[in-house]
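J.: Numbering (this note's numbering), first residue to last: 23 to 143.
1. List the whole-angstrom C-beta distance separating residue 88 from residue 43, where the pair is believed to meet the contact cut-off of C-beta under 8 Å.
2. Leaving out five residues on either side along the sequence, give the residues of the same chain with a beta carbon under 6 Å from the beta carbon of residue 55.
3. Under 8 Å between the Cβ atoms of residue 107 and residue 126?
4. How about residue 113 and residue 104: are their beta carbons less than 8 Å apart?
5. What are the partner residues of residue 112, as DSSP defines its beta bridges?
6. Which of helix, strand or coil does DSSP assign to residue 64?
7. Assuming contact is defined by CB atoms lying nearer than 8 Å, are residue 39 and residue 80 in contact in what I supplied?
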């Protein structure tokens, strides 16, 4: 079981990342509402549209990450953070530092990825 000090360090890490992602999302909304879409040159319009689509795809991935961060914070609150959802064993601190939103230990994640490759998912 992870001690309180380590749990609080993960809480801080997750909250900082959450704040960063929310700030970036707000900046994107602000910049998209400031941009003028009335460009006379078709190439410029196409480039602007392509850039917007790319930005929106990135923000969508970040939106999903925000959900995972909130779930991880909830797991800290309810005492299940750092416990593998598959096997019930502790997830290594090294893995949590690399991927603080993870819900699987490295062995269960490898097994999941292998199963997905076999099924062609």
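Just so it is clear, CB atoms sit at the ideal spot from N, CA and C, and this is done for glycine as well.
T.: Here's the rundown:
1. 5 Å
2. none
3. yes
4. yes
5. 105
6. helix
7. no
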